[in-house]
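Numbering (this note's numbering), first residue to last: 45 to 634.
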Amino acid sequence: MATAPDRSGAPAHASESVRHWVLEVAARTRPDHVHWCDGSEAEYRHLLRGMQADGSLLQLNPDRFPGCWLHRSNPSDVARVEHLTFVCTEQREDAGQNNHWMAPAEARRKMDALFAGCMRGRTMYVIPYCMGPVDSPYSRCGVEITDSAYVAANMKLMTRMGAAALARIAKDGKFVKGLHSIGQLDPERRFIMHFPESLEIQSFGSGYGGNALLGKKCHALRIASWQARDEGWLAEHMLIVGVQNPEGEIHYLACAFPSACGKTNLAMLIPPASMPGWKIWTVGDDIAWLHPGPDGRLWAINPEAGYFGVVPGTNEKTNRHAYEMIRHDTIFTNVGLTRDHEPWWEGLDAGKPAYDWQGRPYDPANGPAAHPNSRFTVSAKQNPSYSPQADAAAGVPITALVFGGRRRSLAPLVYQARDWAHGVLVGAGMASETTAAASGDVGIVRRDPMAMKPFAGYNFGDYWAHWLAMPGRVKKLPGIFHVNWFRRDAQGRFLWPGYGENLRVLAWIVERCHGKAAGLDTPIGAVPTRDALDFAGLDIDEATIAELLAVDRAAWRQEADEIGQYLESYGARLPAALREQVTRLKSRLT
Ligand code: SAT
Ligand code: MN
Numbered sequence: 045m046a047t048a049p050d051r052s053g054a055p056a057h058a059s060e061s062v063r064h065w066v067l068e069v070a071a072r073t074r075p076d077h078v079h080w081c082d083g084s085e086a087e088y089r090h091l092l093r094g095m096q097a098d099g100s101l102l103q104l105n106p107d108r109f110p111g112c113w114l115h116r117s118n119p120s121d122v123a124r125v126e127h128l129t130f131v132c133t134e135q136r137e138d139a140g141q142n143n144h145w146m147a148p149a150e151a152r153r154k155m156d157a158l159f160a161g162c163m164r165g166r167t168m169y170v171i172p173y174c175m176g177p178v179d180s181p182y183s184r185c186g187v188e189i190t191d192s193a194y195v196a197a198n199m200k201l202m203t204r205m206g207a208a209a210l211a212r213i214a215k216d217g218k219f220v221k222g223l224h225s226i227g228q229l230d231p232e233r234r235f236i237m238h239f240p241e242s243l244e245i246q247s248f249g250s251g252y253g254g255n256a257l258l259g260k261k262c263h264a265l266r267i268a269s270w271q272a273r274d275e276g277w278l279a280e281h282m283l284i285v286g287v288q289n290p291e292g293e294i295h296y297l298a299c300a301f302p303s304a305c306g307k308t309n310l311a312m313l314i315p316p317a318s319m320p321g322w323k324i325w326t327v328g329d330d331i332a333w334l335h336p337g338p339d340g341r342l343w344a345i346n347p348e349a350g351y352f353g354v355v356p357g358t359n360e361k362t363n364r365h366a367y368e369m370i371r372h373d374t375i376f377t378n379v380g381l382t383r384d385h386e387p388w389w390e391g392l393d394a395g396k397p398a399y400d401w402q403g404r405p406y407d408p409a410n411g412p413a414a415h416p417n418s419r420f421t422v423s424a425k426q427n428p429s430y431s432p433q434a435d436a437a438a439g440v441p442i443t444a445l446v447f448g449g450r451r452r453s454l455a456p457l458v459y460q461a462r463d464w465a466h467g468v469l470v471g472a473g474m475a476s477e478t479t480a481a482a483s484g485d486v487g488i489v490r491r492d493p494m495a496m497k498p499f500a501g502y503n504f505g506d507y508w509a510h511w512l513a514m515p516g517r518v519k520k521l522p523g524i525f526h527v528n529w530f531r532r533d534a535q536g537r538f539l540w541p542g543y544g545e546n547l548r549v550l551a552w553i554v555e556r557c558h559g560k561a562a563g564l565d566t567p568i569g570a571v572p573t574r575d576a577l578d579f580a581g582l583d584i585d586e587a588t589i590a591e592l593l594a595v596d597r598a599a600w601r602q603e604a605d606e607i608g609q610y611l612e613s614y615g616a617r618l619p620a621a622l623r624e625q626v627t628r629l630k631s632r633l634t
């Protein structure tokens with residue numbers, strides 16, 4: 045660490061407000077030690093060695109997986125817990141029915157009791173971090189206080205952590221306060237509380253990613269969406285990808301999909317052999333902050349610096365870049381293990397598991413070797429398709445926004461919204477099958493507007509009104525599209541090959557935004573004409589192509605009714621302009 049610590053242990057450039065808060069938290073939680081994270085490589089190695097010594101990290105085969113580690117979490121703590129996640133606003137209506145709500149005073153009383161003395165015998169880590177490039181006007185900072193070395197090590201990979209963030213906080217004079225303790229990892233004493241009005245997060249009793257790495261969903265989505273509404277921008281659950289055509293032009297898309305629906309794979313897509321000269325650049329794989337830019341376009345930054353991705357299914361064929369990326373300097377959580385101490389997961393075409401994710405000798409009767417929500421944490425810089433623009437202070441200009449869900453029927457492969465307001469309806473009407481990323485049943489279709497159901501930090505009605513107001517702020521708006529890679533036939537087989545072949549669809553989207561690709565108007569929007577989308581070389585027959593692009597009016601009439609009912613449940617907060625869009629959709633369908 046470059047700067048000399050003062051008596052409280054704080055580096056010299058820590059602002060008075062940060063110091064004060066850290067002292068106050070230490071007085072309540074009573075840690076044995078306080079460690080201010082500087083974000084250095086030496087510190088990261090020290091954290092890893094400490095966890096190796098206490099048994100919470102296992103070193104993976106250093107010849108085959110150099111710098112890689114395995115963490116096994118408590119078996120009751122493997123996913124986000126939406127039922128224990130609260131938005132605590134003074135007025136219940138401001139949180140909206142899309143969030144669980146608790147009155148701030150009650151939430152604070154509960155959390156104060158849990159945090160009192162909870163760090164006795166432990167080290168308290170103070171993690172200053174910056175979400176976004178440190179020199180970007182669009183970035184926002186926070187400080188997470190935690191008693192988990194695993195969280196500190198993950199935050200080092202996932203954010204711009206340490207001295208530079210602390211200096212920026214001193215300059216901004218404002219930061220998000222995130223307080224976290226793993227407590228006893230007891231599901232009965234587990235809460236993830238958000239206080240957007242005072243920019244605070246308090247999380248207790250879980251060490252899992254989205255519950256514990258507070259920079260990610262808690263700050264960069266729930267708190268940031270609130271800040272974004274106040275300040276006139278959007279904080280969204282979107283990957284950001286640059287699509288480079290054979291002419292060398294790069295167009296950036298921001299795409300919203302629910303958790304575990306392939307955002308990381310799409311962001312790192314490998315062009316198929318049939319598309320020589322195309323290239324994909326990854327700016328982000330999970331979160332986009334979208335700001336009106338000085339030139340009238342919408343500009344995006346990725347607030348994160350790393351990926352916390354789903355491991356199972358990753359192999360050389362599905363995502364070669366990810367497969368290479370996680371062969372070194374990666375933290376694995378809840379994967380299986382081979383006899384040679386290599387990580388193992390379902391979908392890997394080599395090796396055999398000797399132990400499952402709980403460390404038991406592998407027995408298929410106990411279920412998969414890797415937990416379906418097992419994860420890798422890795423610095424984005426290890427991605428072979430990492431875009432240098434990910435560090436640009438101005439961000440990247442967005443050509444199109446793409447919404448998508450996991451739906452076995454109904455939604456065609458791709459369609460384009462008629463205009464911005466219709467696009468807001470397309471996003472608001474999204475639905476998707478649930479996945480292992482959150483605890484609860486898997487495979488159930490639920491409404492997940494803009495893929496933000498678990499992440500919008502305020503009332504969806506107000507959120508849609510904010511979206512609808514963007515044309516007043518952004519002159520050259522991106523096109524809005526909807527895709528569905530997950531259509532299935534009557535036998536349950538996927539109709540579309542997905543993965544790299546999805547580039548064919550992205551290419552249509554980009555060309556469409558430049559008026560170069562043909563579309564067929566339908567009541568739900570424009571779908572590609574049969575020949576506008578390139579199907580050459582795919583093992584796919586004409587009947588399947590027709591099914592992928594078809595709009596079943598009767599089924600869509602029912603869908604429009606259901607969307608209308610869902611939106612009406614937001615009552616007085618539902619913007620009239622969105623209700624009007626539903627009326628128009630229904631009339632186009634009759
Ligand atoms: O919530 S996490 O960040 O842990 C993963 C996800 O659900 O997207
Ligand atoms: Mn996500």
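Beta carbons are placed, not taken as given, at the ideal position from N, Cα and C, and that holds for glycine.
Which residues bound the alpha helix (DSSP H) around residue i?
{"i": "LYS200", "result": "193 to 202"}
{"i": "VAL468", "result": "464 to 472"}
{"i": "GLN135", "result": "Unbroken run through GLN135: none, as it is neither H nor E."}
{"i": "VAL549", "result": "546 to 557"}
{"i": "GLY253", "result": "253 to 256"}
{"i": "SER453", "result": "Run containing SER453: none; DSSP gives neither H nor E here."}
{"i": "GLU85", "result": "85 to 98"}
{"i": "ALA481", "result": "Neither: ALA481 is in no alpha helix (DSSP H) and is coded neither H nor E."}
{"i": "ARG152", "result": "148 to 159"}
{"i": "ALA499", "result": "Residue identity check: residue 499 is Phe in the sequence provided, not Ala. Looking at the DSSP string, PHE499 is not in any alpha helix (DSSP H), and its letter there is neither H nor E."}
{"i": "ILE213", "result": "207 to 216"}
{"i": "GLY608", "result": "597 to 612"}
Taking the alpha-carbon positions, what's the residue i to residue j distance?
{"i": "TRP120", "j": "SER247", "result": "This sequence places Ser at residue 120; Trp is not what is there. Straight-line Cα distance between these residues: approximately 16 angstroms."}
{"i": "GLU386", "j": "MET175", "result": "32 angstroms"}
{"i": "GLU291", "j": "TYR459", "result": "25 angstroms"}
{"i": "THR47", "j": "GLY53", "result": "In this prediction, THR47 has a pLDDT of 43, which is less than 50 and means its spatial position is unreliable; what the coordinates show is noted afterwards. The straight-line gap from Cα to Cα measures roughly 11 angstroms."}
{"i": "PRO681", "j": "THR129", "result": "Since the displayed the chain opens at 45 and closes at 634, residue 681 lies outside it and no answer follows."}
{"i": "ALA272", "j": "ARG537", "result": "41 angstroms"}
{"i": "PRO55", "j": "GLY186", "result": "16 angstroms"}
{"i": "LYS519", "j": "ASP596", "result": "34 angstroms"}
{"i": "ASP393", "j": "SER318", "result": "24 angstroms"}
{"i": "ARG341", "j": "HIS295", "result": "13 angstroms"}
{"i": "TRP80", "j": "VAL69", "result": "13 angstroms"}
{"i": "PRO172", "j": "ILE189", "result": "9 angstroms"}
{"i": "SER183", "j": "PRO405", "result": "46 angstroms"}
{"i": "VAL446", "j": "ARG166", "result": "45 angstroms"}
{"i": "GLU612", "j": "ALA481", "result": "28 angstroms"}
{"i": "PRO408", "j": "VAL355", "result": "18 angstroms"}
{"i": "ALA616", "j": "GLU606", "result": "18 angstroms"}
Does at least one heavy atom of ligand 2 sit under 8 angstroms from the Cβ of residue i?
{"i": "ASP330", "result": "yes"}
{"i": "LYS307", "result": "yes"}
{"i": "HIS263", "result": "no"}
{"i": "HIS372", "result": "no"}
{"i": "HIS281", "result": "yes"}
How is the beta strand (DSSP E) around residue i delimited, first residue to last?
{"i": "TRP325", "result": "323 to 328"}
{"i": "VAL440", "result": "440 to 448"}
{"i": "HIS57", "result": "That residue, HIS57, is in no beta strand (DSSP E); it is neither H nor E in DSSP."}
{"i": "ILE236", "result": "235 to 239"}
{"i": "HIS79", "result": "77 to 80"}
{"i": "SER247", "result": "244 to 248"}
{"i": "MET282", "result": "282 to 288"}
{"i": "TYR351", "result": "350 to 354"}
{"i": "LYS221", "result": "220 to 225"}
Residues with a Cβ closer than 6 angstroms to any heavy atom of ligand 1, in chain order? Result (chain order): ARG124, GLY253, GLY254, LYS260, LYS261, SER303, PHE352, ALA481.
Assess, as a yes-or-no matter, whether the region 259 to 271 is touched by the region 323 to 333 under the definition of 3 or more beta carbon pairs within less than 8 angstroms. Short answer: they touch.
Report yes or no: do three or more beta-carbon pairs, one from the region 207 to 222 and one from the region 238 to 252, lie closer than 8 angstroms? yes
Is there contact between the region 125 to 144 and the region 493 to 505, where contact requires at least three CB pairs shorter than 8 angstroms? yes
At least 3 beta-carbon pairs within less than 8 angstroms: the region 131 to 138 vs the region 155 to 171: Here the region 131 to 138 does not lie against the region 155 to 171, with fewer than 3 beta-carbon pairs under 8 angstroms apart.
Is there contact between the region 355 to 372 and the region 95 to 114, where contact requires at least three CB pairs shorter than 8 angstroms? yes
Per the contact definition of three or more C-beta pairs closer than 8 angstroms, is the region 574 to 587 in contact with the region 459 to 476? no
Contact between the region 342 to 362 and the region 427 to 446 (3+ Cβ pairs under 8 angstroms): yes
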